[in-house]
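If you count by mature numbering (1 follows the signal peptide of the UniProt record, and there is no 0), then the sequence shown holds residues -22 to -1, 1 to 289, one letter each, in order.
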Amino acid sequence: MNKSKKILGYILPLILPLYSYAESTELDVISVETEAFKEKDKVFLKQSASSTRTQFQTATQSLDSVLRSVPGSFTQIDKSSGTVSVNVRGGTGFGRVNTMIDGVSQTFYASSTDSGSRNSSTSQFGSLIDPGFLSRVEIDRGSFEGSHGANTLLGSAHFKTIGVKDLVAESRQLGFMGKYLWGSNATEPQVLGAVAFKQNFENERWLGLLYGFSERHLSQDYRIGGGRKVTESSIDLTGLDENDREQTDTSPFDATHVRQRPISHLAKLEYGDRYQQGTLSYRQYQTRVGGRSIRNNNYQFNYHLALPDIS
């Protein structure tokens, strides 16, 4: 009897793994992706007063609202030129705040004529960029070295546009982004669409294409807290003749002169592998405002090389 128990004790360890293997079930593969540091948290690794704002594609807030949420920063979108002017610690413009788009300083200087009424002429530095094409913005406060520190006294603002990897997931070839925004109180329709294609090759090489289109309708004829439109006179002009009405009218500006319909195009050709990445991009921004036609064409090539560690 003891001999039988010993034999059974030797056989069971050999049989049980086979039985367990026969009863096993193959489950679906679950992929979990994460980041050691999110993009907005990387600023905490820098020894500088830096702030980052992301998720412009899904945000319903305006570019003004997003940038003004950064401590020490303010913005102004000039109604007479349509440019975005970033203010850092009370300073703005060329030589004070370096405004970059995809790593290149791009500052547009616009001057408007006197309206002949209550509006005087304006001159302002700014950048022509469609907020819908932005993926993130980095704001540095203070003077710094490198490309961010060129032409700057108080800080810099670096706008980065969307790329192929922002639209196409890691295991996919196609990606699409669409956005439609409409609201009340002079918030007119805004339409944006972008499509991207990415093809992977051997040795971690990949090639991608991206195209985006955006059209916005911007109006300054909104209603203020008292219920009247901002362009309406605060004084009752009923009963006054035409000459007295012109002298008594307190309307700050004519909304039809600052109405805009900006149209933007964005195209990119990207290539990358484990050591380098190059991006050839074309960006167009055109609008009409204040009796002027503005058209900005930007051709740009960005190249990044990271040499392998041979030590």
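The C-beta atom is built at its ideal place from N, Cα and C for all residues, glycine as well.
- Message: Could you check whether the Cβ of Ala172 sits closer than 8 Å to any heavy atom belonging to the ligand ZN?
- Response: This structure does not include the ligand ZN; it has no bound ligands of any sort.
- Task: With distances taken Cα to Cα, identify the nearest neighbour of Val82 among Pro286, Ile288, Leu283 and Asn276.
- Result: Start at 1 with the first residue of the sequence shown, and residue 82 comes out as number 104. Closest by alpha carbon: Asn276.
- Buried or exposed for Tyr158, please, with buried defined as at least 16 other CB atoms from any protein chain shown within 10 angstroms of its CB. The residue labelled residue 158 in the question sits at position 180 within the sequence shown. Exposed.
- Are the region 269 to 289 and the region 128 to 144 touching, with three or more C-beta to C-beta distances below 8 Å? As far as the Cβ criterion goes, the region 269 to 289 does not touch the region 128 to 144, which means the pair count is below three.
- C-alpha distance - Val173 paired with Asp144, whole-angstrom precision: Locating residue 173 in the sequence shown gives position 195, where the first residue counts as 1. Locating residue 144 in the sequence shown gives position 166, where the first residue counts as 1. Rounded to whole angstroms, Val173 to Asp144 spans 10 Å at the Cα level.
- Item | Length of the line joining the Cα atoms of Gly94 and Thr209 | Within the sequence shown, the letter at position 116 stands for residue 94. Within the sequence shown, the letter at position 231 stands for residue 209. The predicted position of Gly94 is uncertain, since its pLDDT is 49 and thus under 50; no value can be drawn from it.
- Task: May I have a chain-ordered list of the beta strand (DSSP E) segments no shorter than 3 residues that lie completely inside the region 133 to 166?
- Result: Listed in chain order, they are 133 to 139 and 152 to 159.
- Item | Span separating the alpha-carbon of Tyr175 from that of Arg194 | In the sequence shown, the residue the question calls residue 175 occupies position 197. In the sequence shown, the residue the question calls residue 194 occupies position 216. Here residue 175 turns out to be Phe, not Tyr, going by the sequence shown. Taken atom to atom, the span from the alpha-carbon of Phe175 to that of Arg194 is near 25 Å.
- Reducing DSSP to helix, strand and coil, say where Asp108 ends up. Counting from one through the sequence shown, the residue named residue 108 turns up at place 130. Note: Asp108 maps to coil in three-state DSSP.
- Query: At which residues does the alpha helix (DSSP H) containing Val75 begin and terminate?
  - Reply: On the sequence shown, residue 75 is found 97 positions in, with the first residue counted as 1. Element bounds for Val75: not the alpha helix (DSSP H) but the beta strand (DSSP E), Val75 to Ile79.
- Message: Please state the DSSP three-state secondary structure of Leu45.
- Response: On the sequence shown, position 67 is the one that residue 45 refers to. Residue state, collapsed to three classes: helix.
- Task: Report all residues from its chain with a CB closer than 6 Å to the CB of Asp108; omit the five preceding and five following residues, and keep chain order.
- Result: Within the sequence shown, the letter at position 130 stands for residue 108. Cβ within range, chain order: Ser192 and Ser242.
- Contacting residues, own chain, Cβ-Cβ under 8 Å from Val48 (five flanking each side not counted): Here residue 48 refers to the residue found at position 70 of the sequence shown. Contacts found: Ser29, Arg31 and Ile117.
- Cβ pair residue 290, Asn163 closer than 9 Å: The requested residue 290 is not part of the displayed model; the chain covers only -22 to 289.
- What do you reckon, are the CB atoms on Leu188 and Leu244 nearer than 9 Å? Position 210 of the sequence shown, counted from the first residue, corresponds to residue 188. Position 266 of the sequence shown, counted from the first residue, corresponds to residue 244. The answer is yes: Cβ separation under 9 Å.
- Query: Hey, Val64 and Ser43 are a contact pair by Cβ (cut 8 Å); roughly how many whole angstroms apart?
  - Reply: Translated into the one-based positions of the sequence shown, residue 64 becomes position 86. Translated into the one-based positions of the sequence shown, residue 43 becomes position 65. Not a contact, Cβ separation roughly 14 Å.
- Message: Does Arg119 pass the burial test, meaning 16 or more other C-beta atoms within 10 Å, or should it be called exposed?
- Response: The residue you call residue 119 lines up with position 141 of the sequence shown. Around the beta carbon of Arg119, 16 or more other beta carbons sit within 10 angstroms, so the residue counts as buried.
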